[in-house]
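Heads up, the thing below is written out as structure tokens.
Protein chains: 2
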Amino acid sequence: MPQLGLLPRRTWAALLSQLLRPPHSACIPAVGCHSQVAEAVLTSHLKPHQEKPNFIIKIPKGTRDLSPEQMVVREKILDMVVSCFKRHGAKGLDTPAFELKETLTEKYEENSGLIYDLKDQGGELLSLRYDLTEVPFARYLAMNKLKKMKRYQVGKVWRRESPTIVQGRYREFCQCDFDIAGQFDPMIPDAECLKIICEILSGLQLGDFLIKVNDRRIVDGMFAVCGVPESKFRAICASMDKLDKMSWRDVRHEMVAKKGLSPEVADRIGEYAQCHGGVSLIEQMFQDPRLSQNKQALEGLGDLKLLFEYLTLFGIAEKICFDLSLARGLDYYTGVIYEAVLLQTPTQTGEETLNVGSVAAGGRYDELVAMFDPKGHKVPCVGLSIGVERIFSIVEQRMKTSFKKVRTTETQVFVATPQKNFLRERLKLIAELWNAGIKAEMLYKNNPKLLTQLHYCENTGIPFVVIIGEQEQKEGVIKLRSVASRKEVAIKRENLVAEIQKRLSES
Amino acid sequence: MPQLGLLPRRTWAALLSQLLRPPHSACIPAVGCHSQVAEAVLTSHLKPHQEKPNFIIKIPKGTRDLSPEQMVVREKILDMVVSCFKRHGAKGLDTPAFELKETLTEKYEENSGLIYDLKDQGGELLSLRYDLTEVPFARYLAMNKLKKMKRYQVGKVWRRESPTIVQGRYREFCQCDFDIAGQFDPMIPDAECLKIICEILSGLQLGDFLIKVNDRRIVDGMFAVCGVPESKFRAICASMDKLDKMSWRDVRHEMVAKKGLSPEVADRIGEYAQCHGGVSLIEQMFQDPRLSQNKQALEGLGDLKLLFEYLTLFGIAEKICFDLSLARGLDYYTGVIYEAVLLQTPTQTGEETLNVGSVAAGGRYDELVAMFDPKGHKVPCVGLSIGVERIFSIVEQRMKTSFKKVRTTETQVFVATPQKNFLRERLKLIAELWNAGIKAEMLYKNNPKLLTQLHYCENTGIPFVVIIGEQEQKEGVIKLRSVASRKEVAIKRENLVAEIQKRLSES
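Written out as structure tokens, the structure is:
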């Protein structure tokens, strides 16, 4: 398993052991969001305030505040994802939250109803970005005439979807993308993208997972040999993409009744769509009497075969599954496509292994950059997106069911006194600690009670307390107390920083 | 000087030694932004592409992409700022990019022209946030009925200002805020805010700096005793706030000609506004025949006196200057206000010490949260905002003038081969490195030339190369090459990871 990069391994292991228990239900449950609770309470029980009777305090639908508890989890997950991207040599990039409306809609006509437009306040017409790859990255490459780049980007994106928060879907959410742009030998960067997904999902210890792989050319070839009219490729592709949420029966019904496909053609697709396996399935499809007649499909199969060879060398082939039902809704993919799903570990009652949904996905898009380039120059690309919001939801849910408290601060030392009139000593002392890079807190009171101070440490998980009082001052010492063991030792005042640093490095 | 928290001290020191040279000019020059150059080129020399003759590729006015070089600097600065906030026990918080329009405008009537509204696409009326404190933090506290919280927030905010990019002002920019909410004994949290500003500005090694301090009650008291009509307090306050950019002569002219103040009143203000100093100035103002008659001003002076006592205990009093001209434009301040400015170190030619502008600011706002609370409950707050965009501009400019190259990746080891047909070996090897947490790259080519591979390492600053070829394979070894010294040593294949980790920990 890869190391956790920037994150101290122990920190993460400790957090995980606190948080991660196998979830008890198969679906992803509601996300805890005390803000929304507060909102509901405030808007329903609101007693109109004299000065502003109509002022209702709430946040926009489909958005949420992230509380300090949620921020701790989010930060650890993002740190791990980004450190993996960096381990693979990626550079960082940041782009504006909004783009020119025409830049965004040029590429997203179909779903432009999902785009948040800004009000025309004079000047340019702008819209909030809805992803990090399609527009910002491809636009950046074309605008700067870059022919190759390995970059990652982490940021918020916005989509005006009906906010079904119960499923963990928000109108504002965070994306983490990694992409490799450039003309290279086949399948080497593609294999690295799959390796990255494996490293991240293993590192996050979310449980067992599987990455489904297919190729857009195999999907199209399959549609062609099954007899789907080319004009219906997109629509049928979109239906097939629902196979992870709907049964084949329902998808078939949609294809026939809603999309006007003939039942025989649908059944032919059905046969393929149920195929999944490893390298042997690729070989089998090479021999398939219909599919082997399609040039595109053969190209796709050839690339997949090479990809599996590289995945074997990377030691991750057993995590990858060639799945002919995988379609990936997005238009822009041109080659390999993939999607990682978590597998529910079977519970003690012997339930079946269940799918808790996609947590990473991506593919090859060789034509996208050309659409932003005035001269239509191509820059082949392959990339992936980590479904961090889904991952946050899972970890948050496990936190809730575990009832363990998460520290929201990193404070190492608390400066306390048992006596009155020691504020000045505490201020001098804490400044010394801060200056030495030690994370320290004290109460903002002139004369706090010792018990209040010690309770604060216990409640917030601060491991050490430095105590200064009359006796200590007289003797030129400081008491250093371990909150867990409640043991106290006297330390010479001038050795305090060194002693604390020693203890912190040991703990 | 404080330690640099999360950042390895050596890394930062190395970056700084590369980047930070005393700037040669007093003003902050234009920010390098190759995207905008590209934009200009593309929009002027655009040869219409056949399929999309009117498609112009650019990004919105007042925004910019951050290139990998810029991202490296930004990340290091933000890491240092956030690690300081955490050293002081702050919790993280995140809020949505947009808020309900009525929530935002409730508080910001005066400048609502600066707010980006979202288009009415059905549903709620929304606007992009213009800061992190006034609305999101105060709204969060009120909505969740929190009576105390020490939090930091880092995020983008948006303002529709005329984009004078030359001055480093953008319509989209990053803010870093730290605030302490709660009812505490006077001046303890306020002093900590000033300590934090000192730690951050010292840690970033931007050169000498000074923090101007005043109190909103002293400002108001001064206006009152000078004879400013209460209805003009705000307007005159806004004029005085320009004293760091304009001369007193010009500010006086604005007060008299534009804001209708009588010349005598303006002159009385002028006398105070020229006063700055330390504790002795506070004592002097206590004795001031006019100011000492004003109750509000006396309260402010009393608090400032206590503040200076705490700042002395923190060892930072010499960095703080009581400045009666400091007004801080924002309405919501109710007590202490402060603003940090960088001082230009005198150059060899003996030029005067010059002000390069505000890089951090803040103050006490005890009434703001109540405005969001339906029952008007007060939560006293004090906080600060680090002017990270200004700091980025300064560091970027120094980078430019130093002509030193900044590494945009963190890759530690490159996997190379001098022979053909070694792709498979390279893939196995690099997977081993990644699995051990080592940052590694290779070229995505089946048969790259050795020279191309070594050049890549030199160009991108990768310190080590692992070389595998026929001879090595036969002998069961790997060559490990130091890019700087060009020395190579043979290492047993099975010891590779351990050897590399040893060398990396030494370097």
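If you read the sequences in order, they're chains Z and W. Under this note's numbering, the letters of the first sequence match residues 1 to 507, in that order. Under this note's numbering, the letters of the second sequence match residues 1001 to 1507, in that order. For each residue, glycine too, the CB sits at the ideal point set by N, CA and C.
- Membership of W/VAL1466 in the beta strand (DSSP E) is indicated by the continuous run 1464–1467.
- Rounded to whole angstroms, the separation of the alpha carbons of Z/GLY122 and W/LEU1261 is 35 Å.
- Cβ-Cβ distances below 7 Å link Z/TYR365 to TYR332, TYR333, THR334, CYS381 in the same chain, with the five nearest sequence neighbours on each side left out; the list follows chain order.
- In chain W, no part has a C-beta under 7 Å from the C-beta of Z/PRO380; the shortest such distance is about 11 Å.
- Burial check for W/GLU1192: the Cβ neighbour count within 10 Å reaches 16 or more, so the residue is buried.
- Shown here, Z/HIS455 sits in a helix according to DSSP, grouped into three states.
- Short of 6 Å from the beta carbon of Z/GLY182, and not among the five residues preceding or following it, lie these beta carbons of its own chain, in chain order: LYS148.
- At a cut-off of 8 Å between beta-carbon atoms, W/ILE1188 makes contact with chain Z.
- Proximity of W/TYR1444 to chain Z, defined by a Cβ-Cβ separation below 8 Å, is satisfied.
- Flagged as an interface residue toward chain Z: W/PHE1098, by a C-beta distance shorter than 8 Å.
- Of all residues in the stretch 1360–1394 of chain W, the ones placed with a Cβ closer than 7 Å to any Cβ belonging to chain Z are PHE1372, PRO1374, LYS1375, GLY1376, in chain order.
- Taking all protein chains in view, the Cβ of W/ARG1486 is surrounded by fewer than 16 other Cβ atoms within 10 Å, so the residue is classified as exposed.
- Nearest Cα to Z/SER482 within the set Z/PHE464, Z/LYS378, Z/LYS449: Z/PHE464.
- By the criterion of a C-beta distance shorter than 6 Å, Z/VAL73 is surrounded in its chain by VAL395, once the five residues flanking it on both sides are discounted.
- Burial is judged here by how many other beta carbons sit within 10 angstroms of a residue's own beta carbon; W/GLN1153 has at least 16 and is buried.
- Judged by pairs of C-beta atoms under 8 Å, the stretch 384–401 of chain Z does not touch the stretch 409–422 of chain Z, as fewer than three such pairs exist.
- Uninterrupted alpha helix (DSSP H) stretches at least 4 residues long and entirely within the stretch 360–412 of chain Z occur at 368–372, 388–402, given in chain order.
- In the DSSP assignment, Z/ILE196 falls outside any beta strand (DSSP E) and within the unbroken alpha helix (DSSP H) covering 188–203.
- Shown here, Z/HIS253 sits in a helix according to DSSP, grouped into three states.
- DSSP, read as helix, strand or coil, puts Z/ASN214 in strand.
- The beta carbon of Z/PRO68 falls within 8 Å of a beta carbon belonging to chain W, placing the residue at that interface.
- W/LYS1242 carries a helical assignment under DSSP once its states are collapsed to helix, strand and coil.
- Of the other Cβ atoms in all chains shown, fewer than 16 fall within 10 Å of the Cβ of W/PRO1289; this residue is therefore exposed.
- Non-local beta-carbon contacts of Z/PRO186 in its own chain, meaning distances under 8 Å to residues more than five positions away in sequence, involve ASP303, LEU306 in chain order.
- At least 8 Å separates the CB of W/ILE1197 from every CB of chain Z.
- Closest by C-alpha distance to Z/GLY437, out of W/LEU1104, W/ILE1200, W/GLU1134, is W/ILE1200.
- Judged by their CB atoms, W/LEU1243 and W/ALA1273 are nearer to each other than the 8 Å cut-off.
- When Cβ pairs closer than 8 Å are counted between the two stretches, the stretch 1124–1142 of chain W is seen to touch the stretch 1096–1107 of chain W, the count reaching three or more.
- Contact with chain W is absent for Z/GLN175, since none of that chain's Cβ atoms lies less than 8 Å from the residue's Cβ.
- Bridge partners of W/LEU1126 according to DSSP: W/LEU1100.
- In this structure, DSSP gives W/GLU1441 an extended state, which the three-state scheme calls strand.
- W/GLY1476 counts as exposed, since fewer than 16 other C-beta atoms from the protein chains shown sit within 10 angstroms of its C-beta.
- Contact with chain W is absent for Z/ARG129, since none of that chain's Cβ atoms lies less than 8 Å from the residue's Cβ.
- The criterion of a C-beta distance shorter than 8 Å is satisfied by Z/LYS319 and Z/ILE211.
- Annotation: Z/ARG171 to Z/GLU389 spans about 11 Å, alpha carbon to alpha carbon.
- Looking at the backbone, the Cα of W/GLY1203 and that of W/MET1080 are separated by about 8 Å.
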